[in-house]
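In what follows, a single structure is set out as structure tokens and then discussed.
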Amino acid sequence: NSGHVAIAIDGPAASGKSTIARELSKRLGLVMVNSGTMYRAVTWKVVKDGIDAENPAAVAEALEKMNLQCGVDGLDSTLTVDGIDPGEELRSQEVNAHVSHVAAVPEVRRHLVDLQRSYLQHSDVIMEGRDIGSAVFPDTPYKIYVDADPSVRQGRREAIGEIDSVTDRDRKDSQRETDPLKVADGARVLDNSGHTVETAVEAALEILIQQGLDLPSLNA
Ligand code: CDP
Ligand code: CDP
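According to full-length UniProt numbering, the sequence shown holds residues 2 to 221 in order.
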């Protein structure tokens, strides 16, 4: 639509989406957007203000009052909530435990999907999440669904000391009504269970080339 390229990287928790997307962002010179950060930011604010994350009406009301700003700094995306960058707090145990409830609220999804789409008005983007290929940019031909065995994913999260139940989030994210986690039409599945980071990135590049991505023109 805008003439800009969007690459969609979706998949369950800890499958390696961010790791792959970050490396591709550097290699291809595309702005990298982690859409999960936006859902985490709304959740962080909800929890901080003592709002019940499992009450959709209360979450929608809190969202109305929040000033969520998204931007770009080089190839990275930036985000503030009421002027504050929550930083590492976005990956707290508490945010991990509540984010799937907040992300199931239709008003939250509508607002964040609009913010996500607006990136494409200014730049080429590689965006990772759950519904990027299915709901945010359904028309892009460049879609990868990164998967890995649940035990591998849980193990990789624990290896960095994060307290999280990845299967619990996957179940909630797959079963919600609005834009659930699924393999988007046209997406290619990349099984990251047996890969190293290096070979996973190579496999992702190979898929994008097969999907018709023109690397030289991107870097031009
Ligand atoms: O990095 P990790 O896989 O642990 O999660 P994330 O990408 O930061 O996403 C955190 C949560 O946000 C997910 O469990 C979903 O509930 C929600 N999310 C979503 O609903 N849609 C997206 N496009 C991205 C994240
Ligand atoms: O974004 P998502 O939640 O899907 O995953 P991530 O934040 O990229 O975390 C994946 C973790 O597994 C990171 O600690 C990676 O270093 C590690 N890893 C990987 O991503 N890919 C491999 N082939 C092997 C390990």
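Quick reminder that beta carbons are idealized off the backbone N, C-alpha and C, glycines included.
Look at the beta carbons and you see the segment 125–137 not touching the segment 202–216: under three pairs across the two are nearer than 8 Å.
Cβ-Cβ distances below 6 Å link Arg170 to Ala14, Ser101 in the same chain, with the five nearest sequence neighbours on each side left out; the list follows chain order. The DSSP-derived three-state label of Ala9 is strand. Non-local beta-carbon contacts of Gln155 in its own chain, meaning distances under 6 Å to residues more than five positions away in sequence, involve Val167 in chain order. Distance from the CA atom of Lys144 to the CA atom of Asn56, rounded to whole angstroms, is 33 Å. The Cβ atoms of Leu219 and Gly30 lie closer than 8 Å to each other.
Apart from the 5 residues on each side of it in sequence, Asp180 sits with its Cβ closer than 8 Å to the Cβ of Arg110, Val114, Arg131, Asp132, Ser135, Ala136 in its chain, given in chain order.
A direct Cα-to-Cα measurement between Glu65 and Thr81 gives close to 15 Å. Taking 8 Å as the cut-off, the Cβ atoms of Leu69 and Val43 count as close.
Taken in chain order, the whole alpha helix (DSSP H) runs of length 4 or more contained in the segment 17–104 are 18–29, 36–49, 57–66, 94–103.
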